[in-house]
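First residue of the sequence shown: 189, per this note's numbering; consecutive thereafter.
Here the structure comes first, spelled out in structure tokens, and everything after it is commentary.
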Amino acid sequence: MSNSLSMGIPSNAVTLTPEQVAELNRNLSRMRHDINNHLSLIIAAAELLRFKPEMREKMAVTLSEQAPRITSEITKFSAEFEKTFGITRE
């Protein structure tokens, strides 16, 4: 099966050092924090729109910027995760 979602998974066990585990944990924590910030902006913009509809243009920009930022955070972490575990895209 050849598509963009195919993955090359290591055939042997992967061993991580404590430092690698700590780094992955830091990256995961950073990603969660950043995504929560983006989601908070979405919630705040939606709430603001309820009470100040005249701000819809400004809030539309804020809302439209958040999904790509969330995607970017997930992509960055996924790349680091795949690199650490030796997972390749085929």
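For every residue, glycine included, the Cβ atom is placed at its ideal position computed from N, Cα and C.
The structure presented is a predicted model; accordingly, all values stated were derived computationally and were not measured.
Could you tell me which residues DSSP pairs with G196 in its beta bridges?
According to DSSP, which records beta bridges pairwise, G196 is partnered with T276.
If V229 and T250 are in contact, beta carbons under 8 angstroms, what's the gap, nearest whole angstrom?
Sequence inspection shows Leu at residue 229; the Val mentioned does not correspond to that position. Rounded, the Cβ-Cβ distance is 6 angstroms, consistent with contact.
State yes or no: is the C-beta of A233 nearer than 7 angstroms to some heavy atom of the ligand SAH?
Questions concerning the ligand SAH fall outside what the structure shown contains, since it holds no ligand whatsoever.
Rounding to the nearest angstrom, what Cα-Cα distance links T276 and Q208 in this structure?
Roughly 18 angstroms separates the two Cα atoms.
Leaving out the 5 sequence neighbours to the left and right, which residues in its chain are closer than 7 angstroms to E242 when beta-carbon positions are compared?
Cβ within range, chain order: n/a, list empty.
When burial is assigned at 16 or more other CB atoms within 10 Å of the CB, is A248 buried or exposed?
So A248 counts as exposed.
With 16 as the cutoff for other CB atoms within 10 Å, does M195 come out buried or exposed?
Exposed, because fewer than 16 other Cβ atoms sit within 10 Å of the Cβ of M195.
Roughly how many whole angstroms lie between the Cα atoms of S199 and K271?
Taking the straight line from one Cα to the other gives about 15 angstroms.
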